[in-house]
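K.L.:
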Amino acid sequence: SRTDINTPDKQNAMYIAIQSFPASDTHPDAVALDLGNYMFGGSSLSSRLGARVRGKEGLSYGVNSVYSPSPRDQASRFLMYAITNPKNIDKVTDLMEEELTKFANEGPSLTELTDAQRGYLEAKKVGRTEDAALAMQVINNLNLGRDFAFDANQEEKAGKLSVDEVKDAWKKHISAKKLVIIRAGDFGKK
Numbered sequence: 057s058r059t060d061i062n063t064p065d066k067q068n069a070m071y072i073a074i075q076s077f078p079a080s081d082t083h084p085d086a087v088a089l090d091l092g093n094y095m096f097g098g099s100s101l102s103s104r105l106g107a108r109v110r111g112k113e114g115l116s117y118g119v120n121s122v123y124s125p126s127p128r129d130q131a132s133r134f135l136m137y138a139i140t141n142p143k144n145i146d147k148v149t150d151l152m153e154e155e156l157t158k159f160a161n162e163g164p165s166l167t168e169l170t171d172a173q174r175g176y177l178e179a180k181k182v183g184r185t186e187d188a189a190l191a192m193q194v195i196n197n198l199n200l201g202r203d204f205a206f207d208a209n210q211e212e213k214a215g216k217l218s219v220d221e222v223k224d225a226w227k228k229h230i231s232a233k234k235l236v237i238i239r240a241g242d243f244g245k246k
């Protein structure tokens with residue numbers, strides 16, 4: 057579905073698209089989806105969305121995607137968003153959906169995957185050097201009955217993923233046709 061919300065006199069417009077699907081963080085595709093999200097929109101300007109929507113086309117002030125699997129339930133969420141000038145909202149909408157469809161159909165290149173694996177795993181390692189983040193991870197693991205071996209296994213799997221595994225996971229779970237899209241902005245200005 058798609059809903060437009062008119063917000064008169066606002067300088068910027070917001071594009072948000074979300075899709076839910078049944079998969080927890082222990083689902084066989086969870087790591088491929090997470091690493092895929094890192095490449096697609098989760099790593100800011102170096103991601104597909106950042107490079108295309110903000111970098112190449114210059115249509116967004118901020119663009120990103122988030123993959124959130126539940127650790128308890130068969131419930132995952134994929135979200136992507138962009139902040140843009142209201143007059144560019146249709147272009148941004150088309151580009152976001154075009155990039156999503158392309159990524160699901162073609163997957164990443166081998167170079168893109170290799171670079172992403174390196175950056176993704178380094179980000180995980182750096183995250184454990186911050187006391188607050190490490191404490192939160194310990195608390196979450198205790199709450200879920202897990203230890204750091206779970207995280208180590210997930211990271212090991214991420215380092216061994218193939219282009220086809222990422223592509224197949226995305227194609228199976230994420231689709232531009234299943235998005236709930238909300239666009240807000242002052243769309244009445246000429």
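Quick note: the sequence shown uses this note's numbering, first residue 57, plus one each step.
C-beta atoms are modelled at their ideal positions from N, C-alpha and C, and glycine is treated no differently.
As a quick exercise: from I139, L115, E113, L105, pick the residue whose alpha carbon is nearest that of S121.
P.N.:
Position 65 of the sequence shown, counted from the first residue, corresponds to residue 121. Answer by Cα proximity: L105.
K.L.:
DSSP beta-bridge partners for T59?
P.N.:
Indexing the sequence shown from 1 puts residue 59 at position 3. Answer is I238.
K.L.:
Give the C-beta separation of S103 and I139 to the nearest angstrom, bearing in mind that I take them to be a contact with Cβ-Cβ under 8 Å.
P.N.:
To locate residue 103, count along the sequence shown from 1; it is residue 47. To locate residue 139, count along the sequence shown from 1; it is residue 83. Actually they are not in contact, since the Cβ atoms of S103 and I139 sit about 15 Å apart, beyond 8 Å.
K.L.:
Identify every residue that forms a DSSP beta bridge with L135.
P.N.:
Here residue 135 refers to the residue found at position 79 when the sequence shown is read from its first residue. DSSP output for L135 lists I74, V122 as bridge partner(s).
K.L.:
Would you list the one or two residues that DSSP bridges to T149?
P.N.:
Within the sequence shown, numbered from 1, the residue matching residue 149 stands at position 93. T149 pairs with nothing; no bridge assigned.
K.L.:
With I195 as the anchor, note down where its alpha helix (DSSP H) starts and where it stops.
P.N.:
Along the sequence shown, one-based indexing puts residue 195 at 139. Note, I195: alpha helix (DSSP H), 187-200.
K.L.:
In this structure, how does DSSP classify S102 when only helix, strand and coil are distinguished?
P.N.:
Position 46 of the sequence shown, counted from the start, is the residue given in the question as residue 102. Three-state result, S102: helix.
K.L.:
Among S57, L177, Y71, K233, which one has its Cα closest to the Cα of K213?
P.N.:
Here the question's residue 213 lines up with position 157 in the sequence shown. Nearest of S57, L177, Y71, K233 to K213, Cα basis: L177.
K.L.:
Give the secondary structure of T167 by DSSP, where H, G and I count as helix, E and B as strand, and everything else as coil.
P.N.:
Residue 167 sits at position 111 when you count from the first residue of the sequence shown. T167 falls in the helix class under three-state DSSP.
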